[in-house]
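**Student:** Got a structure for you, questions after.
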Amino acid sequence: MRGRVFAKRLLFILGLPIVLVVVWWFVSAATQNVLWPSLGKILSVFPQTWFQGRLEDDVLPSLLRLLGGYFIALVIGVVLGVVIGMSRTVRGILEPVLEFLRAVPPPVLIPIIMLFAGIGEEMKLTVIALGCMWPVLLNTVEGVRGLDEVLKDTGRSYQLRPMTRLFRLVLPGASPQIAAGARQALAIGVILMVIAEMFASSEGIGFDIVQFQQSFAIPQMWTGIIILGILGIALSLIFQLIEYFWLAWYRGLRQSQREG
Amino acid sequence: MLDVKHVRKIYQSRTNAVEAIRDLDFTVRAGELVCIVGPSGAGKTTLLRCIAGLLNTTSGEIVLDGKKVTGPPRGMAIVFQEYGRSLFPWMTVRQNVELPLKEKGVPKADRQRLIDEALSAVGLTDSQNAHPWQLSGGMQQRVAIARAVAYEPQILLMDEPFAAVDAQTRAELEDLVRTLWRRLGVTVLFVTHDIDESVYLGERVLVLSNRPTVILESVEIDLPSPRDQLETRSSPHFAELRSHVYELIQKAKKGYRPGGETA
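The listed protein sequences derive, respectively, from chains A and B.
Counting from 1, one number per residue, gives the positions in the first sequence under our numbering.
Counting from 261, one number per residue, gives the positions in the second sequence under our numbering.
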């Protein structure tokens, strides 16, 4: 019974992707269009394109700079978010500025950041970190601000020290929101990583895609896009796995509230 | 033990001021179990939050053990009505009880003993590794009580703690509070809107007027201990006391105030 439920879920998850791939395969099979090569053609160049050095030379550096920028964003976003969320005064002063900065699309910062951070690794890390920071920061502020009043009173009446309050009350209490921000940030991070690499880089997946495009290696270009897709899915799965264990209490709480 | 001296509380907003408490003046002796009962909206919770140091008074002062209350005082524990919101959902039952003890600097061995005792006193030894949301409402409130008891407070404040649990659980929890009070000798201030509950639990019942709040009467409850849900509640004297408090509350609802004063 359990196996059947699992099989059904698997079918739901994989059903549509499989159908789409099959459709893509047959529709593109007889194509003569150079820009839209057949899926068979794309897959046939895939191994030689990626498994002969590019995994270490391009995919790995992309991944490292993505994760680097992402973690910088997490730390800064959560720290600033807690400070802003805990103080009404700080929030009042910073909110208009934050609203403006958030409204600026991060990719437009690339040319500006290039001016002072050059075209090296610092620039790419800065771009990714800056873009990823906003969802983390704003969600942390909301999470901290939305902490339950009764819970805060409980912490006060039991004389929790500031550090205990932070690590045992504020951060866990805001963690569902922080996780929501972190999830958005991850998607933004992938986008910014690619754009930063397309702008100014000598390696990375974004660089490769532009290279292939400029040298009319169209099937290879398509493989780069597939690689990006796979990377996105893999990161999202890892994220969900971490969230699954980290926020197990929150899932349980929500479920008990629905049933109650 | 606890002196509430001419406390007044006015909620001030930009457009208007609401006088929640006019003048409350009473003393709770060490080891006493006092219930505060009043019509809804009588500022019971406001008063409790002032005593807990979670809210400032507009004038007057609250003195606990000779020290003026300006923030949450040491040696005080509160059990809130909203049990589901006062427990840390990311911690197990045991961790919830343990956290305040850790903060208080209780050594580990003592801590374990206090937690074990408190959990067994409220009958939750078997659920200590569950999370609060896995328990029923009544059990969650037991966790909050265990946490308060393990903390070994000198004074325990309870803000309508059983208003949101079912009637049977409520009777059990009332007896639990009486038992713990008798065993530990802790001072208990119990706020409720339930007249029967106040008479059944208290050694004394403070009846509040409607807003702006003053004390209508302090009723001594000279019912024998230990109290029993059947025997005590069916005794003629319980009925007398209950009617007396009931009448006071009815008067309070109609706006009666002591000394012919008007709101």
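Note that CB positions come from ideal geometry on N, CA and C, so glycine has one too.
It should be emphasised that the depicted structure is a prediction, and the values quoted were computed from it without experimental measurement.
(1) Using the beta-carbon of each residue, which ones in chain B are nearer than 9 angstroms to arginine 161(A)?
(2) When you compare the stretch 248–257 of chain A with the stretch 267–276 of chain B, are there three or more beta-carbon pairs, one atom per stretch, that lie closer than 8 angstroms?
(3) Have a look at threonine 318(B) and arginine 165(A) and give me their C-alpha separation to the nearest angstrom.
(4) Measure the alpha-carbon distance for aspartate 153(A) versus leucine 130(A) and round it to whole angstroms.
(5) Cα-Cα, which of Asp208(A), Ile178(A), Leu237(A) and Ala200(A) is closest to leucine 247(A)?
(6) What separation, rounded to the nearest whole angstrom, lies between the Cα atoms of arginine 430(B) and phenylalanine 286(B)?
(7) If you run the structure through DSSP and keep just helix, strand and coil, what is methionine 418(B)?
(8) Measuring CA to CA, which of Leu235(A), Phe116(A), Ser175(A) and Val150(A) is closest to isoleucine 338(B)?
(9) Output needed in chain order: residues of the stretch 141–162 of chain A with a Cβ under 7 angstroms from some Cβ in chain B.
(10) Tell me the rounded alpha-carbon separation between alanine 182(A) and leucine 417(B).
(11) Would you be able to state if there are at least three C-beta pairs under 8 angstroms between the stretch 188–197 of chain A and the stretch 62–80 of chain A?
(12) Proline 218(B) CB to nearest chain A CB: under 8 angstroms?
(13) Mind the definition here: the stretch 90–106 of chain A touches the stretch 162–176 of chain A only if three or more C-beta pairs lie below 8 angstroms; say whether that holds.
(14) I need the DSSP call for isoleucine 119(A), collapsed to helix, strand or coil.
(15) What residue does the beta strand (DSSP E) around glutamine 159(A) start on, and which one ends it?
(16) Just the chain B side, please: which residues come within less than 8 angstroms of leucine 166(A) by C-beta, in chain order?
(17) For proline 239(B), does the count of other Cβ atoms within 10 angstroms reach 16, so buried, or fall short, so exposed?
(18) I want to verify the contact list: residues of chain B whose CB lies under 8 angstroms from the CB of serine 256(A), in sequence order.
(19) May I ask you to list the residues that DSSP assigns as paired with isoleucine 270(B)?
(20) Pull up the distance between the alpha-carbon of isoleucine 475(B) and that of methionine 86(A), whole angstroms please.
(21) Would you check if the stretch 323–333 of chain B and the stretch 271–278 of chain B touch, i.e. whether three or more CB-CB distances between them fall below 8 angstroms?
(22) I'd like to check one pair, isoleucine 455(B) with valine 294(B): are the Cβ atoms closer than 8 angstroms?
(23) Using a Cβ-Cβ distance under 8 angstroms, would proline 172(A) count as near chain B?
(24) So, using beta-carbon positions, are leucine 307(B) and leucine 324(B) closer together than 8 angstroms?
(25) By Cβ distance below 6 angstroms, which residues in the same chain neighbour glutamate 480(B) in space, the five residues on each side in sequence not counted?
(26) So the candidates are Val21(A), Leu35(A), Phe6(A) and Ile18(A); which of them puts its Cα closest to the Cα of tryptophan 222(A)?
(27) Which one of Gln184(A), Ile42(A) and Met114(A) has the shortest CA to CA distance from valine 21(A)?
(28) Can you give the beta carbon distance from proline 219(A) to valine 97(A), rounded, assuming they're within the 8 angstroms contact cut?
(29) Under three-state DSSP, which class holds leucine 315(B)?
(30) Run through chain A and tell me which residues come within less than 7 angstroms of alanine 332(B), C-beta to C-beta.
(31) Compare the C-beta of alanine 312(B) against all C-beta atoms of chain A and say whether one is closer than 8 angstroms.
(32) Quick one: what does DSSP say methionine 351(B) is sitting in, helix, strand or coil?
(33) Using DSSP with H/G/I as helix, E/B as strand and the rest coil, what is leucine 359(B)?
(34) Can you check whether the CB of arginine 442(B) is closer than 8 angstroms to the CB of leucine 461(B)?
(35) Beta strand (DSSP E) containing arginine 168(A): first to last residue?
(36) Please determine if the stretch 402–411 of chain B and the stretch 375–390 of chain B are in contact, where contact requires at least 3 C-beta pairs separated by less than 8 angstroms.
**Tutor:** Looking at the coordinates:
(1) What arginine 161(A) touches in chain B, judged by beta-carbon distance under 9 angstroms, is Glu363, going in chain order.
(2) no
(3) 28 angstroms
(4) So the alpha carbons of these two residues sit roughly 35 angstroms apart.
(5) Ile178(A)
(6) 28 angstroms
(7) strand
(8) For isoleucine 338(B), the nearest C-alpha among the options comes from Val150(A).
(9) Per Cβ criterion, the list reads Asp148, Val150, Leu151, Asp153, Thr154, Arg156, Ser157, Tyr158, Gln159, Leu160 and Arg161.
(10) 40 angstroms
(11) yes
(12) Here chain B has residues from 261 to 523 only, and residue 218(B) is not among them.
(13) no
(14) coil
(15) Glutamine 159(A) -> no beta strand (DSSP E), and no H or E assigned at all.
(16) In chain order: nothing, as chain B lies at least about 13 angstroms away.
(17) There is simply no residue 239(B) to check, as chain B begins at 261 and stops at 523 in what is shown.
(18) Neighbours of serine 256(A) in chain B, taken as residues at a C-beta separation under 8 angstroms, are given in chain order as Trp393 and Gln394.
(19) Glu279(B)
(20) 38 angstroms
(21) no
(22) no
(23) Residue-level contact check: proline 172(A) touches chain B, since one or more beta carbons of chain B fall below 8 angstroms from its beta carbon.
(24) no
(25) Arg464
(26) Leu35(A)
(27) Ile42(A)
(28) About 47 angstroms separates the two Cβ atoms, so there is no contact after all.
(29) coil
(30) A small correction: the amino acid at residue 332(B) is proline; alanine does not occupy that position in the sequence shown. Residues of chain A passing the Cβ test: Arg156, Ser157 and Gln159.
(31) yes
(32) DSSP places methionine 351(B) in coil when its eight states are reduced to three.
(33) helix
(34) no
(35) No beta strand (DSSP E) contains arginine 168(A), which DSSP labels as neither H nor E.
(36) yes
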